[in-house]
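Enquirer:
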Amino acid sequence: MKKVIAILVIVLGFAFNTNAQEVKTVSLEQTKGEFTQKQLTLSEGTYVFEVANNNVGHNVGFVLAPKADVKAHIKNAYVTAQVKNNTKESSKEVTLKKGEYVYFCPLNPTPQYTLIVE
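Numbering follows UniProt numbering, with no gaps: position 96 of the sequence shown is 96.
1. Given a cut-off of 9 Å on the beta-carbon distance, is the pair N86 and N54 in contact?
2. Just to confirm my understanding: we take K97, look at its own chain, exclude 5 residues before and 5 after, and list those with CB closer than 8 Å. What are they?
3. Threshold first: 3 residues or longer. Then list the beta strand (DSSP E) segments lying entirely within the stretch 28 to 63, N to C.
4. Tell me, which residues are paired with A65 by DSSP?
5. In whole angstroms, what separates the C-alpha of T110 from that of A65?
6. According to DSSP, T110 sits in a beta bridge with which residue or residues?
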């Protein structure tokens, strides 16, 4: 009986710990040819990227990739739909580990900006 209770306590503790991980939203704004946020520094964790199209005049998107391999896009970071003029769209949840990343929009197009995860 003591083993059953001990196992139950461990399982419940793990479940509460997993649910305690907070998903944070990173809001980004695009204008013609650029993001208004030129660099980001975040802590390790899980994020959703919300991208606003501020009067660019056409649809925009969002790409996040490790700086070491810019072609290795993090697909969950893509917005779930292209961001229409003067609207916002969000990505799926993305878990980021320590390191350097770049973000950009090939549709706008923008430069590559640095995102550092500490």
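We put the CB at the ideal spot given by N, CA and C, even for glycine.
Expert: Reading it off the structure:
1. yes
2. E44 and V117
3. 39 to 42 and 45 to 53
4. V102
5. 14 Å
6. For T110, which the question treats as bridged, DSSP gives no partner whatsoever.
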